[in-house]
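Below is one structure, written out as C-alpha cells; the observations come after it.
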Amino acid sequence: MAPKDKWKITPKHFIGFSEVAGGHATISVYGRVVKNTELQPGESGILHPSGAGTPLQLAHVVGYSDQGRCVTLAEPQLVALPVPDGPADSCGWDSNQYVVWKNLPKNWATLHLKASTRSLHSVLKLAAPGVESEAAAPIKPCLDLPAAIALVRSCSKASPDLPLSTQLGQLFTSPTQRNSFCQCVADGVPIDRSQIPSGATNSLQDVVDAIAC
Amino acid sequence: MLTNTIKKLVFTALLVGWPALASAAGLKIHTAKLGRQPSQIWVQFETPAVLSDCEIEYPTNNPTNCPQPNPPWDVIVYDPSGVASPIKVITSSSQPIGNLPANGLVQLNLENPLPLHFSRIDITFTKRNLPHFSIEPTAAPTAKWISPAKTKDDSNVYISGTFAPAEGGSPSYTIDSKASYVLHSFSNGAYTVSATGDINTDKKKTADPDSFHWAIPVQHVTKYNLTEQFPTIGMELDKKGNAINLVSAPSVTGAIGHVFVREDTKNPGTKTVAASVGLELSGGLEFGSNLKNDFAVANRTLGGQGWFLRGVPSANLYLIIPKVLHLNKISFSSSYTARLLTTDEVFIETRHTAKPIPELSDKTRNYVQNSLTFMLTDYFGIQIKHQYGSLPPAFSFVQNSGSVGLVFAFKETRVPQ
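Each protein sequence line maps, in turn, to chains A and B. Here our numbering is used: the first residue of the first sequence is 2, the next is one more, and so on. Here our numbering is used: the first residue of the second sequence is 238, the next is one more, and so on.
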C-alpha cells in the first residue's frame with residue numbers, strides 16, 4: 002500500500018459550493034426549439050431565469066433530468082425557455098435532434114402553452130363558466146418505445162438477434178442475474194423494481210411494455 | 238399403463254407447443270404508440286417478426302427488388318364524436334432501433350399531426366394477413382401478479398414433495414418447500430424487506446434434514462449481478478422443536494452466466510436460446526444464539542448452547558435447456574453449502590446405526606442438493622432430486638437421499654411499495 006503522505010488532493014476532487022447548494026433547486030430540460038417564436042421577457046409577462054434581457058423562445062420539451070433522474074414526459078410540452086446550453090448530452094436523447102437547457106431554476110415562472118386542434122365552439126365552451134379545466138395528470142416515469150427497447154437490450158446484454166419474446170428465464174439462469182437485470186432497467190427509467198415483471202416466463206417484451214409510455 | 242402415460246405426456250406437450258405453432262401463422266401487431274412528435278407513430282410487431290426491411294420501408298431503398306408504390310399502412314383517426322378521417326403515412330422505416338425481426342419496431346411519419354383528442358386510432362399493415370392495432374386514448378396496463386418461477390431459489394412460493402399413505406402404519410412424506418413475500422421496497426426497489434420461510438423434512442428417520450427456517454431479510458440488489466443480504470432476525474428449528482436457534486445471516490452473492498444461441502430455423506433472421514448456464518457464488522455468516530438444544534448434554538437443558546458463529550460459503554450451478562424433447566424446458570441445478578463452525582454444535586449421526594445418535598462437534602457441515610426438472614408447462618413439472626449432508630439446527634445427516642415428484646413453482650412479479 003502507498004504511504005499516505007504521497008497522495009495529494011487535486012482540483013478534480015473539489016466541487017463548487019454553489020453547485021452543491023443549487024443542485025436541488027435546478028433542473029435540466031431536453032427538447033427542441035420552435036422556429037420563429039422569439040419572446041421578449043418583459044413584453045411576454047415573464048422574466049429571463051438569469052435576469053438577463055436576452056429573448057426567450059418557445060421550446061418543445063420532451064423530458065427533464067432532476068438530480069440525475071431522467072424523466073420522459075408522457076406528452077411533450079410547449080414552454081418559453083432561454084437560449085439552449087448545447088446539444089442534448091444525457092438521458093439518451095439524440096444530440097442531433099435535441100438540445101439541453103441546464104440549471105434552470107425549478108421555481109422560475111415561465112409561459113406554458115397547450116397547442117391543440119379544436120373547433121372554435123369547443124374552445125369557447127371550455128372557457129365558459131361552470132366548466133372545470135382539465136387537471137394535469139401526474140407524470141409517471143416512462144420511456145418512449147425505442148428508448149424502452151434500447152434500455153432493455155442494454156441491460157440484458159443479450160444477443161441483438163434474440164427476439165424480444167425471449168423469456169427472462171432463458172437469459173438469466175440465476176435469480177441474482179435476473180434481479181440485477183430488473184434493477185438495471187428500473188434505475189434507467191427510473192421506477193421501482195417491483196414494477197418490472199421478473200418471472201422466469203416473463204419476456205423481454207413484457208419488460209418493455211412495463212416501462213414504455 | 239406406460240403407453241397411456243406417454244400419450245398423456247405427448248398430449249400435454251402439444252398443448253404447450255400449440256401457441257407457438259399458432260403464432261407462426263401470421264404477423265401480429267403487438268402494440269402501437271404515439272411517437273415523440275405529434276405526427277409520429279411507433280408500431281411494434283410481435284417478435285420474432287418474419288419480416289424484412291424491404292416489406293415495410295417507404296419510400297423504398299431498393300426500388301428494383303422492393304417496389305413500394307404506396308406506404309404499406311392505413312392510419313385512420315376517429316375524433317371524439319366517432320367521425321373517421323384517414324391520415325397519410327409519408328415514411329415508414331425500422332430505423333429507430335433496427336433489427337426488425339428481433340425488435341419488430343417500425344416508425345411511421347404522418348403527413349399531418351395527430352389531434353390531441355381522439356376516440357381511437359386504427360393502424361393496419363396492408364400486407365400479408367393485414368394485421369392491425371387500435372390505439373385508445375387511455376390503455377390500462379395489464380398486470381400479471383404471478384408468473385412461473387424457474388428454480389426453488391427464484392420462487393416466491395415453491396412446493397415440492399411426495400406423500401405415500403400406508404395401511405397399518407403412518408404415511409411417509411417428504412416436504413421441500415419455501416415461501417417469501419416482499420413487505421416493502423425502496424430506492425427504486427434496490428432494497429427490499431421480505432418475510433421468508435423454508436421447510437425441508439422427510440418422514441424417514443435416517444434421511445430427514447429436519448430443517449425449518451424463517452427470517453426477515455433485508456436485501457440490496459445491484460445492477461452488477463451482485464446481491465447483499467443484511468443481517469436481521471430469523472429462526473431455525475427442527476420438527477419437534479428440540480433444537481431452536483435465533484439466527485442472523487448476512488451474505489454477499491455474485492453471479493455469472495452465459496447464453497448459448499443458435500439460428501432460429503423457423504424464423505429467419507433471428508436467433509433462439511439453445512441453452513444457458515449460470516453460476517452463483519456466495520459468502521456469508523450465520524450467527525446467533527442456540528435457545529434450546531435437547532440433543533445436547535443432559536445437564537445443560539436450560540438456555541441452550543449459547544452463541545454460535547458459522548462461515549457459510551456456497552455455490553449454485555444452473556443449466557436451462559428450453560424447448561427440448563417436446564418439453565417446455567429441462568433445468569438442472571446443483572447447490573453446495575458448507576457451514577464452517579467455530580463452536581461445537583449438535584450433529585445427528587444416522588449412518589451405520591438403527592437409532593440416530595446426537596453428537597457435539599465443530600466439524601464442517603456440508604449440504605449438497607441436485608435437482609433435475611422436466612417442466613411440462615411453465616408452472617408444473619416432474620423433478621428428480623438428490624440431497625446429501627446436513628442442515629441446521631439439528632444437523633441430522635442425510636446420506637444420498639433421492640426422490641422423484643411433482644413440482645409447482647411460481648413467482649410474484651410485483652410487490653407492494
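Don't be surprised by glycine CBs; every beta carbon is placed ideally from N, CA and C. Small disclaimer: the values here were computed from a predicted structure and weren't measured.
With the cut-off set at 8 Å, would you say residue i and residue j are in Cβ contact?
i: G506 (chain B); j: S485 (chain B); result: no
i: V62 (chain A); j: P85 (chain A); result: no
i: G515 (chain B); j: G491 (chain B); result: no
i: F532 (chain B); j: A631 (chain B); result: yes
i: V209 (chain A); j: A159 (chain A); result: no
i: G335 (chain B); j: A286 (chain B); result: no
i: L483 (chain B); j: S526 (chain B); result: yes
i: P50 (chain A); j: L40 (chain A); result: no
i: C214 (chain A); j: D145 (chain A); result: yes
i: I577 (chain B); j: T614 (chain B); result: Reading off the sequence shown, one finds Leu at residue 577 (chain B), where the question assumed Ile. Taking 8 Å as the Cβ cut-off, L577 (chain B) and T614 (chain B) do not qualify as a contacting pair.
Candidates the options: which alpha carbon is nearest residue i's?
i: L345 (chain B); options: B:I360, B:F355 and B:A339; result: B:I360
i: F370 (chain B); options: B:D311, B:V458, B:K325 and B:N336; result: B:D311
i: T429 (chain B); options: B:W279, B:P454, B:S448 and B:F532; result: B:P454
i: Q274 (chain B); options: B:P368, B:Q624, B:N603 and B:P350; result: B:P350
i: I178 (chain B); options: B:S276, B:Q277, B:T284 and B:G272; result: Since the first and last residues shown for chain B are 238 and 654, residue 178 (chain B) lies out of range.
i: K325 (chain B); options: B:N553, B:V549 and B:S276; result: B:S276
i: A432 (chain B); options: B:H450, B:F569, B:E517 and B:F423; result: B:H450
i: N462 (chain B); options: A:R179, A:T202, A:S195 and A:V190; result: A:R179
i: S608 (chain B); options: B:Y555, B:L562, B:E465 and B:L577; result: B:Y555
i: V637 (chain B); options: B:L578, B:N603, B:F617 and B:T614; result: It should be pointed out that residue 637 (chain B) corresponds to Asn in this sequence rather than to Val. The option with the nearest alpha carbon to N637 (chain B) is B:N603.
i: E294 (chain B); options: B:E373, B:P323 and B:V343; result: B:V343
i: K622 (chain B); options: B:L528, B:S551 and B:N437; result: B:N437
i: Y616 (chain B); options: B:T601, B:V605 and B:V644; result: B:V644
i: L59 (chain A); options: A:F18, A:P77, A:S195 and A:I10; result: A:P77
i: S96 (chain A); options: A:D162, A:Y31, A:G17 and A:I10; result: A:Y31
i: L169 (chain A); options: A:P147, A:D188 and A:T202; result: A:T202
i: R70 (chain A); options: A:P161, A:P198, A:P142 and A:D207; result: A:P142
i: T459 (chain B); options: B:L271, B:I358, B:E292 and B:S424; result: B:S424
So residue i contacts chain B; which residues on that side make the cut at Cβ distance below 9 Å?
i: I192 (chain A); result: N425 and G426
From the DSSP output, which residues share a beta bridge with residue i?
i: P77 (chain A); result: For P77 (chain A), which the question treats as bridged, DSSP gives no partner whatsoever.
i: S598 (chain B); result: B:E582
i: V458 (chain B); result: B:T464
i: G521 (chain B); result: B:S488
i: Y573 (chain B); result: B:A552 and B:V605
i: A321 (chain B); result: B:Y315
i: G471 (chain B); result: B:A452
i: R33 (chain A); result: A:H61
i: W279 (chain B); result: B:K270 and B:Q344
What separation, rounded to the nearest whole angstrom, lies between the Cα atoms of residue i and residue j?
i: A660 (chain B); j: Q620 (chain B); result: Nothing can be reported for residue 660 (chain B), as the shown portion of chain B is limited to 238 through 654.
i: T199 (chain B); j: F524 (chain B); result: With chain B represented from 238 up to 654, any question about residue 199 (chain B) goes unanswered, as that position is not in the structure.
i: T469 (chain B); j: P487 (chain B); result: 8 Å
i: F497 (chain B); j: A511 (chain B); result: 5 Å
i: C183 (chain A); j: E586 (chain B); result: 44 Å
i: H354 (chain B); j: L114 (chain A); result: 16 Å
i: G543 (chain B); j: D599 (chain B); result: 14 Å
i: G131 (chain A); j: V280 (chain B); result: With a pLDDT of only 48 at G131 (chain A), under the threshold of 50, the placement of this residue in the model should not be trusted, and no figure is reported.
i: V1 (chain A); j: S166 (chain A); result: Since the first residue shown for chain A is 2 and the last is 214, residue 1 (chain A) is missing from the structure and cannot be characterised.
i: L288 (chain B); j: G200 (chain A); result: 29 Å
i: S668 (chain B); j: N298 (chain B); result: A question about residue 668 (chain B) goes unanswered here, because the residues of chain B that appear run from 238 up to 654.
i: L367 (chain B); j: P352 (chain B); result: 25 Å
i: T309 (chain B); j: A339 (chain B); result: The sequence shown places Pro at residue 309 (chain B), rather than the Thr named in the question. P309 (chain B) and A339 (chain B): Cα-Cα distance of roughly 20 Å.
i: P88 (chain A); j: N108 (chain A); result: 24 Å
i: G642 (chain B); j: F611 (chain B); result: 11 Å
i: S134 (chain A); j: D316 (chain B); result: Here S134 (chain A) scores only 44 on pLDDT, less than 50, and its place in the model should not be relied on; the value that follows carries that caveat. Those two C-alpha atoms are separated by around 20 Å.
i: T591 (chain B); j: S568 (chain B); result: For the sequence presented, residue 591 (chain B) should be read as Ala rather than Thr. Roughly 36 Å separates the two Cα atoms.
i: Q171 (chain A); j: I558 (chain B); result: 8 Å
i: N302 (chain B); j: A269 (chain B); result: 28 Å
i: S29 (chain A); j: V186 (chain A); result: 22 Å
i: A211 (chain A); j: D193 (chain A); result: 11 Å
i: R547 (chain B); j: F584 (chain B); result: 14 Å
i: L474 (chain B); j: A480 (chain B); result: 6 Å
i: S155 (chain A); j: S570 (chain B); result: 27 Å
i: T27 (chain A); j: E348 (chain B); result: 38 Å
Which bits of chain E does residue i rub up against, with CB to CB less than 8 Å?
i: S166 (chain A); result: Within the model displayed, chain E is absent; protein chains A and B are what it includes.
Name the chain A residues that come within less than 8 Å of residue i, Cβ to Cβ?
i: L342 (chain B); result: L146, P147 and I150
i: Y555 (chain B); result: T174 and S175
i: T507 (chain B); result: D162, L163 and P164
i: R273 (chain B); result: V63, P77 and D145
Applying a beta-carbon distance threshold of less than 7 Å, which residues of chain B neighbour residue i?
i: N180 (chain A); result: V458 and T464
i: A187 (chain A); result: N425 and G426
Taking 7 Å as the line, does the beta carbon of residue i fall inside it for any heavy atom of the ligand ZN?
i: Y31 (chain A); result: As presented, the structure is devoid of all ligands, the ligand ZN included, so that no description of it is given.
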